[in-house]
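J.: Quick one: structure below, then a few questions.
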């Protein structure tokens, strides 16, 4: 009986479990697996290198527009009347709308109005709305505004469209650099920024060639239509791509009460949903008041940061010259050296000088060890030698001597692009980087290339000598070099790893959603070890 009882018990233990019990266990396993899969972030297709390429193409298209509107094929020439009262028709925008050099300069600077108004707004909204959605909105405005330029009927209509073009740049330029700085390898941050900003001179140069070719072959209006078509896919991409987070901002789906370390003021609690919509606990009026208050607090923090202020002032003087070069360069070259292909020649010089100089500046700073004092040393030295060569170039009457000296000068001048933006990003805490880039961009345009184009036009209208006008303009580069030289002696702190929004939260944990699988694997393994 004992043996038989034991056998019966063993058989009972081996009998299958009830269906209900097995189903419950399977459901538990499934829920556990689902929870694990939800907790593990899925890597985005947008790896750092792909993200860099996308930003570079958008930046280049943006500046192709700048070069195109300055080209002889699009900008054209004014109507000229002889003593007997017979007037030529002129060509391009200037001829069709019968613009003086001053009004022509206003068109080149009109985008600044949209940039000035929209940049702080986009930088502030980046704290509560996914930045890529903001970029999508801005690039959509840019696309329609570019097409509107092609449909313009007079001076005021094209001026308004140029203002709206600035809105698109505002959404992009203040957010792209922080993303790149977040994802670049630590030893190559300045080089990656250099690659991104290399697209500025390259885009302007390609714009010269593109504008000259399309303007002469099809008419200046078609140049703007082509730009709109090129930008449209990227505007759509901003709405459909997977949301990504920037360093110093709470990840999507988080709920936190943000506190300003400097003022200890509790901000509006924001919940970011999957639809990238910011939901506030308070009324919209209270939220707007709080956002405005936060903007002014952040702006005050920027203005008391001496390193940042000196860097931007030097950048303003530098951009005053570069902006006028990019707009008036082809016309000055045509007048001084009687270039038959001024657009192509200036485009070629700018492409070579921009690519070589910008890449060299980024790589040199990385080799020097990317620090703020080293960045100022490179900025001051490169700008000083660039000023010498560019000034000397306009003193030569021989075209080939001008080309050689101006090319060398451009290489030195464009070597500043990576270092100057490195300082803008690293002189402030992570949460202020979008506003830092926005205010830097607004400042260099408001006080730099916006007034420089009309002012050079006024000087030229009065003295009627492009060589003298170019020499006066180039001398301002020496001022920029001197201002950046002062920055070498200021005590600067690299704030890249400082806590930003919430002092109780580690900044590294607020970094971007992993873009690469190996990063996700590293995060998973480290959490397992803990």
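In the working numbering, the protein residues as written are 99 to 628.
We put the beta carbon where it would ideally sit given N, CA and C, even for glycine.
#1: Smallest Cα separation from residue 267: which of 277, 258, 236?
#2: Closest to residue 285 by C-alpha separation, out of 461, 475, 559, 191, would be which residue?
#3: Excluding five sequence neighbours on each side, which residues of the same chain lie with their C-beta closer than 6 Å to the C-beta of residue 478?
#4: Would you call the CB atoms of residue 410 and residue 490 closer than 8 Å?
#5: Are residue 321 and residue 260 closer than 8 Å when you measure CB to CB?
#6: Check each candidate in 565, 522, 574 and name the one with the smallest Cα separation from residue 593.
#7: List the endpoints of the continuous alpha helix (DSSP H) containing residue 524.
#8: Cβ atoms of residue 473 and residue 520: under 8 Å apart, would you say?
#9: What is the DSSP secondary structure of residue 207, counted as helix, strand or coil?
#10: Flag this pair as touching only if the segment 447-458 and the segment 298-308 have three or more C-beta atom pairs under 8 Å; answer yes or no.
#11: Are the beta-carbon atoms of residue 513 and residue 536 separated by less than 8 Å?
#12: From the DSSP output, which residues share a beta bridge with residue 238?
#13: Report yes if the C-beta distance between residue 329 and residue 241 is below 8 Å; otherwise report no.
#14: Should residue 445 and residue 295 be called a contact, given that it needs their Cβ atoms to be closer than 8 Å?
#15: Check whether the segment 275-282 and the segment 414-422 are in contact - that is, three or more C-beta pairs closer than 8 Å.
#16: Can you grab the Cα-Cα spacing for the pair residue 458 / residue 292, in whole Å?
#17: Is the segment 263-277 touching the segment 149-164, taking contact as three or more C-beta pairs under 8 Å?
#18: What is the DSSP secondary structure of residue 250, reduced to helix, strand or coil?
#19: Use the C-beta contact count for residue 228: other C-beta atoms within 10 angstroms, 16 or more gives buried, fewer gives exposed.
#20: Can you tell me where the alpha helix (DSSP H) with residue 150 in it begins and where it stops?
#21: If you run the structure through DSSP and keep just helix, strand and coil, what is residue 370?
#22: Can you tell me which of the three DSSP states residue 490 falls into?
#23: Could you give the residue range of the alpha helix (DSSP H) that holds residue 194?
#24: Alpha carbon to alpha carbon, how far is residue 224 from residue 249?
#25: Could you have a look at residue 573 and say whether DSSP puts it in helix, strand or coil?
#26: Name the DSSP bridge partner or partners of residue 175?
#27: Please determine whether the Cβ atom of residue 533 lies at a distance below 7 Å from any heavy atom of the ligand HEM.
#28: How about residue 323 and residue 415: are their beta carbons less than 8 Å apart?
#29: What number of angstroms, rounded off, separates the C-alpha of residue 576 from the C-alpha of residue 336?
#30: By Cβ distance below 7 Å, which residues in the same chain neighbour residue 590 in space, the five residues on each side in sequence not counted?
#31: Leaving out the 5 sequence neighbours to the left and right, which residues in its chain are closer than 7 Å to residue 443 when beta-carbon positions are compared?
#32: Expressed to the nearest angstrom, what Euclidean distance is found between the alpha-carbon atoms of residue 641 and residue 262?
#33: Since I believe residue 333 is in contact with residue 234 (beta carbons under 8 Å), could you give me their beta-carbon distance rounded to a whole number of angstroms?
#34: To which residues of the same chain is residue 571 closer than 7 Å at the C-beta, ignoring the five residues directly before and after it?
#35: Taking Cβ positions, are residue 165 and residue 309 nearer each other than 8 Å?
#36: Would you call residue 243 buried or exposed, if buried means 16 or more other Cβ atoms sit within 10 Å of its Cβ?
T.: Judging by the given coordinates:
#1: Counted from its first residue, the chain shown places residue 267 at position 169. The residue with the shortest Cα to Cα distance from residue 267 is 236.
#2: For the purposes of this step, residue 285 is taken as residue 187 along the chain shown, with counting starting at 1. When each option's Cα is compared against that of residue 285, the closest is 461.
#3: Translated into the one-based positions of the chain shown, residue 478 becomes position 380. For residue 478, where only same-chain residues beyond five positions count, the Cβ hits under 6 Å are 579, 582, 583.
#4: Your numbering for residue 410 matches position 312 in the chain shown. Your numbering for residue 490 matches position 392 in the chain shown. Not closer than 8 Å, so no.
#5: Position 223 of the chain shown, counted from the first residue, corresponds to residue 321. Position 162 of the chain shown, counted from the first residue, corresponds to residue 260. No, the pair does not count as a contact, with Cβ atoms beyond the cut-off.
#6: For the purposes of this step, residue 593 is identified with residue 495 of the chain shown, where counting begins at 1. Taking only the C-alpha atoms, the option nearest residue 593 is 522.
#7: Against the chain shown, residue 524 aligns to sequence position 426. Here the alpha helix (DSSP H) through residue 524 covers 515-524.
#8: What you label residue 520 is simply residue 422 of the chain shown in a count that begins at 1. What you label residue 473 is simply residue 375 of the chain shown in a count that begins at 1. Yes, the pair counts as a contact, with Cβ atoms nearer than the cut-off.
#9: Reading the chain shown from its first residue, position 109 is the one you call residue 207. Residue state, collapsed to three classes: helix.
#10: yes
#11: Taking the chain shown and counting its residues from 1, one reaches residue 513 at position 415. Taking the chain shown and counting its residues from 1, one reaches residue 536 at position 438. Going by C-beta atoms, residue 513 is not nearer than 8 Å to residue 536.
#12: Start at 1 with the first residue of the chain shown, and residue 238 comes out as number 140. Answer is none; residue 238 lacks a bridge partner.
#13: Against the chain shown, residue 329 aligns to sequence position 231. Against the chain shown, residue 241 aligns to sequence position 143. Yes, the Cβ-Cβ distance between residue 329 and residue 241 is below 8 Å.
#14: Taking the first residue of the chain shown as 1, we reach residue 445 at position 347. Taking the first residue of the chain shown as 1, we reach residue 295 at position 197. Against a cut-off of 8 Å, the Cβ pair of residue 295 and residue 445 comes out as no contact.
#15: no
#16: Taking the chain shown and counting its residues from 1, one reaches residue 458 at position 360. Taking the chain shown and counting its residues from 1, one reaches residue 292 at position 194. Distance between the alpha carbons of residue 458 and residue 292: 8 Å.
#17: yes
#18: What you label residue 250 is simply residue 152 of the chain shown in a count that begins at 1. It is coil, neither helix nor strand.
#19: In the chain shown, counting from the first residue as 1, residue 228 sits at position 130. It is buried - the Cβ of residue 228 has at least 16 other Cβ atoms within 10 Å.
#20: What you label residue 150 is simply residue 52 of the chain shown in a count that begins at 1. Looking at the DSSP string, the run of the alpha helix (DSSP H) that includes residue 150 is 146-168.
#21: Numbered from its first residue, the chain shown carries residue 370 at position 272. Below a pLDDT of 50, predicted positions are generally treated as unreliable, and residue 370, at 43, falls in that range; the measurement from the model is reported next regardless. DSSP places residue 370 in strand when its eight states are reduced to three.
#22: Here residue 490 is taken as the residue at index 392 of the chain shown, counted from 1. Residue 490 falls in the helix class under three-state DSSP.
#23: As a position in the chain shown, residue 194 is number 96, starting the count at 1. First-last of the alpha helix (DSSP H) with residue 194: 190-194.
#24: The residue labelled residue 224 in the question sits at position 126 within the chain shown. The residue labelled residue 249 in the question sits at position 151 within the chain shown. So the two alpha carbons sit approximately 33 Å from each other.
#25: Here residue 573 is taken as the residue at index 475 of the chain shown, counted from 1. Residue 573: coil per DSSP, three-state reduction.
#26: As a position in the chain shown, residue 175 is number 77, starting the count at 1. In DSSP, residue 175 forms a bridge with 189.
#27: With respect to small molecules bound, the structure shown includes none, and the ligand HEM cannot be examined in it.
#28: Within the chain shown, the letter at position 225 stands for residue 323. Within the chain shown, the letter at position 317 stands for residue 415. No, Cβ-Cβ distance for residue 323 and residue 415 is not below 8 Å.
#29: Numbered from its first residue, the chain shown carries residue 576 at position 478. Numbered from its first residue, the chain shown carries residue 336 at position 238. Taking the straight line joining both Cα atoms gives about 40 Å.
#30: Along the chain shown, read from residue 1 onward, the residue named residue 590 stands at position 492. Here the set comprises 405, 470, 471, 525.
#31: Here residue 443 refers to the residue found at position 345 when the chain shown is read from its first residue. 431, 437, listed in sequence order.
#32: This structure cannot settle anything about residue 641, because the visible part of the chain is limited to 99 through 628.
#33: Within the chain shown, residue 234 is the residue found at index 136, counting from 1. Within the chain shown, residue 333 is the residue found at index 235, counting from 1. 6 Å between Cβ atoms; contact.
#34: Counting from one through the chain shown, the residue named residue 571 turns up at place 473. The residues are 419, 422, 554.
#35: Residue mapping note: residue 165 aligns to position 67 of the chain shown, counting from 1. Residue mapping note: residue 309 aligns to position 211 of the chain shown, counting from 1. Yes. Within cutoff.
#36: In the chain shown, counting from the first residue as 1, residue 243 sits at position 145. Classification for residue 243: buried.
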